[in-house]
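Trainee:
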Amino acid sequence: MKEEFKYGYIHVIENGFGYAQELPLALGDNVIGRSNKDTTGIDLPIVTGDPSMGRKHCVIRVKQQHGGEGFTYTLRDFPSLTGTFLRNTCLGKKEQARIEEGDIITIGATTFIFHESL
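Residue numbers (my numbering): 1418 to 1535.
(1) Go ahead and label Leu-1442 buried or exposed: buried means 16 or more other beta carbons lie within 10 angstroms of its beta carbon, across all protein chains shown.
(2) Indicate the three-state DSSP secondary structure (helix, strand or coil) for Glu-1420 in the structure shown.
(3) Hey, Val-1464 and Gly-1435: beta-carbon distance below 9 Å or not?
(4) Between the beta-carbon of Leu-1508 and the beta-carbon of Thr-1501, is there less than 9 Å?
(5) Could you tell me which residues DSSP pairs with Pro-1462 in its beta bridges?
(6) For the beta strand (DSSP E) that contains Lys-1480, what are its first and last residues?
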């Protein structure tokens, strides 16, 4: 396992708007969105031309489990204009969903796979 992936990572699937990418998660809130030279406050900027992905689209929270063994992961919309989809279901406003290894998340026309720390 790569050291920078110790809290997990997302694997962005290549599509017509962008190339495949692997972005490491950090402990706490990880804001995910479209990379832009003027955008600040993004922890995991996805390099893409996808106009339907917000600059701040969704958040993955990484939390240490009690006892210090393992992590809990949750996903929520930032909120965005086009929504955040977990396993083809759109998350509601202010809804937080627990995510697990291999979950498929779609933001705009971009899909990524969530991977837990191993």
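C-beta: ideal position from N, C-alpha, C; glycine also.
Keep in mind the model is a prediction, meaning the values are calculated, not measured.
Mentor: Taking the definition as stated:
(1) buried
(2) helix
(3) yes
(4) yes
(5) Gly-1450
(6) 1475–1481
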